[in-house]
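Colleague: So the sequence shown is numbered by the working numbering: it starts at 1 and just counts up by one. Ideal Cβ placement from N, Cα and C applies to all residues, glycine included.
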Amino acid sequence: PNAARIQTKEVEYREGGTVLKGFIAWDDAVAGKRPGVLVVHEWWGLNDHARNQARRLAEAGYVGFALDMYGAGKVTTHPQEAQAFATEATKDAAVVAARFNAALDLLKRDPRVDPARIAAIGYCFGGGVVLNMARSGTDLAAVVSLHGSLGTKTPAEPGKVKARVLVLAGGADPFVPPEQVEAFRKEMQTAGARFEVVMYPGAKHGFTNPDAGKYGMPQLAYDAAADRQSWAAMLKLFHEVFGS
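1. Candidates 160, 59, 163 and 43: which alpha carbon is nearest residue 76's?
2. Which same chain residues end up closer than 6 Å to residue 89 when comparing Cβ atoms and leaving out the 5 residues on each side of it in sequence?
3. What is the residue span of the beta strand (DSSP E) that residue 228 lies within?
4. Is it right to say residue 244 is buried, meaning 16 or more other beta carbons lie within 10 angstroms of its own, or is it exposed?
5. Taking the Cβ atom as the reference point for each residue, do residue 72 and residue 8 lie within a distance shorter than 9 Å?
6. Quick one: is residue 138 buried, meaning 16 or more other Cβ sit within 10 Å of its Cβ, or exposed?
7. Suppose only complete runs of 3+ residues qualify. What are the beta strand (DSSP E) ranges in the region 170-201, listed by chain order?
8. In the DSSP assignment, find the beta strand (DSSP E) that holds residue 35 and state where it starts and stops.
9. According to DSSP, residue 145 sits in a beta bridge with which residue or residues?
10. Look at residue 195 and residue 167 and say whether their C-beta atoms are less than 9 Å apart.
11. If you draw a straight line from the alpha carbon of residue 162 to that of residue 129, how long is it in whole angstroms?
12. Considering only C-alpha positions, which residue in the set 86, 63, 218 and 53 is nearest to residue 29?
13. Please state the DSSP three-state secondary structure of residue 214.
14. Measure the beta-carbon distance from residue 67 to residue 95 and round it to whole angstroms, keeping in mind my assumption that it falls under 8 Å.
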């Protein structure tokens, strides 16, 4: 589609006393209601990477909504600060769920969105968030974690996971070691979830983010092939679950 038809808007919404600042993208050339996809940012916060994914989802024919898990649209490029933001945001699972659900409700109410066809994708920190939402039984068609943490304090219970689950991980990501992948597979099998894990050999943490090499962390690197392949794998799943 013609990029000129892609519309974007900064959106302010609330959860409890916290002002959250999200970013929504859609294609004006698409008629009628279409699936909506939530995007949960990396530990840096709602940065250009998350916004760009929402835009790309709009180009694919969906409504993309990059939500804010930190409040006030906070972003950083410093690993220590990112770690502090992520730790603070996730210390209370109820707050994580409430902030996610506030964005989910907003997306479902969007006049362009078919509320019965919603997925959520997350990167790094956000990958862990969307997997935990799936574990808790959130009513989503699919969740996709890209270079996200697979560990959890609250493993999925049998029959609880409604969403199709797709994990796209780097084979050289030190934050997602093989034993974590194995434990996740066992957890999902025990829960009876419909899931798939795809590993990209040699890909490091942050492989979808073109800026990954700029943060001064050797564990992070952009990988163009893994980025392309993981995006295609995600769209394939969406075609299956959304029927479009």
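Modeller: On the basis of the data shown:
1. With distances taken between Cα atoms, residue 76 lies closest to 43.
2. 69 and 70.
3. Counting along the chain, residue 228 falls outside any beta strand (DSSP E), though it belongs to the alpha helix (DSSP H) covering 224-242.
4. Flag for residue 244 reads exposed.
5. In this structure, the beta-carbon distance from residue 72 to residue 8 does not fall below 9 Å.
6. Label assigned to residue 138: buried.
7. Correct list: 195-200.
8. Run containing residue 35: 34-40, per the beta strand (DSSP E) assignment.
9. 122 and 167, per the DSSP bridge assignment.
10. In this structure, residue 195 places its C-beta atom within 9 Å of the C-beta atom of residue 167.
11. Near 16 Å, if we compare the C-alpha coordinates of residue 129 and residue 162.
12. Nearest option by C-alpha distance: 63.
13. Helix at residue 214.
14. Contact check for residue 67 and residue 95: beta-carbon distance about 13 Å, past the 8 Å limit, so the pair fails to qualify.
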